[in-house]
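Chemist: In the working numbering, the protein residues as written are 374 to 550. For every residue, glycine included, the Cβ atom is placed at its ideal position computed from N, Cα and C.
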């Protein structure tokens, strides 16, 4: 009987080892928001509802005097129309500039501000602030960003490798057209 109970406990505990939530992805630690501001071009992203019609996207960030970051996201659709969304980003924790909340200014966001904020985690950032990976801790969202709309194959491979190293599935990335 004692052996059966011990075996049952061992089986239950072994199920807990891999059954817990995955650790969140590693982030860069600190981002100099003054250097990060400016225009970033989306090279690729994981599929998401909000960008379902976008062929080419870009983000413009501007550091404000109050420490918040003004965000303007634009995307070009198949019919050549540009869509735009404005919002702001703030650190999730004081002093952690690599993990931000982003909230866009729309009627739903004004009614339910806590429901409409999204994670903006800077997962990778090269020393020159010319390429970056941004994602969410649940790994449902991922963007490969660069200061230029096109990058060479080596840069693309490095970004893919960094994303995969952090546990992101890159097989369904939608690339800039």
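Within this structure, are the beta carbons of residue 443 and residue 549 separated by less than 8 Å?
Modeler: Residue 443 sits at position 70 when you count from the first residue of the chain shown. Residue 549 sits at position 176 when you count from the first residue of the chain shown. No, these two residues do not count as a Cβ contact at 8 Å.
Chemist: Are residue 522 and residue 493 closer than 8 Å when you measure CB to CB?
Modeler: If you number the chain shown from 1, residue 522 lands on position 149. If you number the chain shown from 1, residue 493 lands on position 120. Contact flag unset, no.
Chemist: Quick check: the segment 395–404 against the segment 420–439, are there 3 or more CB pairs under 8 Å?
Modeler: No, the segment 395–404 does not touch the segment 420–439.
Chemist: Straight-line CA distance for residue 542 to residue 509?
Modeler: If you number the chain shown from 1, residue 542 lands on position 169. If you number the chain shown from 1, residue 509 lands on position 136. Roughly 13 Å separates the two Cα atoms.
Chemist: Could you compute how far the alpha carbon of residue 353 sits from the alpha carbon of residue 517?
Modeler: Any answer about residue 353 is impossible in this case: the structure gives the chain only from 374 up to 550.
Chemist: In angstroms with no decimal places, state the Cα-to-Cα distance between residue 529 and residue 410.
Modeler: Position 156 of the chain shown holds residue 529. Position 37 of the chain shown holds residue 410. The straight-line gap from Cα to Cα measures roughly 22 Å.
Chemist: Could you pull out every residue in the same chain whose Cβ sits closer than 7 Å to the Cβ of residue 471, ignoring the five residues on either side in sequence?
Modeler: The sequence position of residue 471 within the chain shown is 98, counting from 1. Answer for residue 471: 400, 401, 402, 403, 404, 494 and 495, listed in chain order.
Chemist: Give the secondary structure of residue 519 by DSSP, where H, G and I count as helix, E and B as strand, and everything else as coil.
Modeler: Residue numbering aside, residue 519 sits at position 146 when the chain shown is read from its first letter. If DSSP states are grouped into helix, strand and coil, residue 519 belongs with the strands.
Chemist: Count the other C-beta atoms from every protein chain shown that fall within 10 angstroms of the C-beta of residue 398, then say buried if there are 16 or more, exposed otherwise.
Modeler: In the chain shown, the residue the question calls residue 398 occupies position 25. When all chains shown are included, residue 398 counts as buried.
Chemist: Note down, in chain order, each residue of its chain lying with its Cβ closer than 6 Å to the Cβ of residue 427, except the 5 sequence neighbours on either side.
Modeler: What you label residue 427 is simply residue 54 of the chain shown in a count that begins at 1. Answer for residue 427: 448, listed in chain order.
Chemist: Can you tell me which of the three DSSP states residue 414 falls into?
Modeler: Looking up residue 414 in the chain shown gives position 41. Strand.
Chemist: Using a 10 Å radius around the Cβ and a threshold of 16 neighbouring Cβ atoms, would you call residue 439 buried or exposed?
Modeler: As a position in the chain shown, residue 439 is number 66, starting the count at 1. Label assigned to residue 439: exposed.
Chemist: Quick one: complete alpha helix (DSSP H) runs, 4+ long, within the segment 493–546?
Modeler: For the segment 493–546, whole alpha helix (DSSP H) runs of length 4 or above, ordered along the chain, are 526–538.
Chemist: Kindly list the residues whose CB is nearer than 6 Å to the CB of residue 445, restricted to its own chain and excluding five residues on each side of it in sequence; keep chain order.
Modeler: Within the chain shown, residue 445 is the residue found at index 72, counting from 1. 433 and 459.
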